[in-house]
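Heads up, the thing below is written out as structure tokens.
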Amino acid sequence: MLRCILLAILATMGSSCLQAGETRTWEGKWNNRKYNTTGPLKCVASSDDSGKWKATFTGLFKGDPFKYEATFQSKPMGKQLNLSGDAVIRGHQYQWTGSMKGNMLNGKYKSNIGYFGAFVLKEKK
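Here the sequence shown stands for residues -20 to -1, 1 to 105, numbered as in mature numbering (1 follows the signal peptide of the UniProt record, and there is no 0).
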């Protein structure tokens, strides 16, 4: 369940002005507001020239490790990148939105089965 949430989270990243092909890493926590659960989350992502991102999200849900791949689209908006995407995790549809600004990656997600939450990640150098 949390794993699905995390993939949705993936869609939201927090930094701006990334060069195509550059890889960045963020770490922090996710939360599932439906069940009031939380855990560590890491995102490693890179973009291409068209603003498309590929990301790998890893973390823990109640001590159980998870890993999800995600893709999403970015759109520059002032000093941040607005992010959005869709994902299917364990057969469930997820939608997410987020932003990259400075060294932060923030996102919100929701699924077609009622899971919803957010994450806040800080870039790890």
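Glycine included, C-beta positions come from ideal geometry on N, C-alpha and C.
Supposed close pair Gln73, Asn92 - CB separation, criterion 8 Å: 4 Å
Using DSSP with H/G/I as helix, E/B as strand and the rest coil, what is Gly94? coil
Can you list, in chain order, the residues of its chain whose CB lies under 7 Å from that of Gln60, leaving out five sequence neighbours each side? Cβ within range, chain order: Ser(-5), Ser79, Met80, Lys81.
For Phe99, which residues in the same chain have their Cβ closer than 6 Å to its Cβ, ignoring the five residues on either side in sequence? Correct list, in chain order: Ile(-12), Trp10, Leu21, Gly87.
Would you mind sorting Ser30 into buried or exposed? The rule is 16 or more other CB atoms within 10 Å of its CB. exposed
Starting from Arg70, trace the beta strand (DSSP E) in both directions and tell me its first and last residue. No residue range can be given for Arg70, since it is assigned to no beta strand (DSSP E) and is classified by DSSP as neither H nor E.
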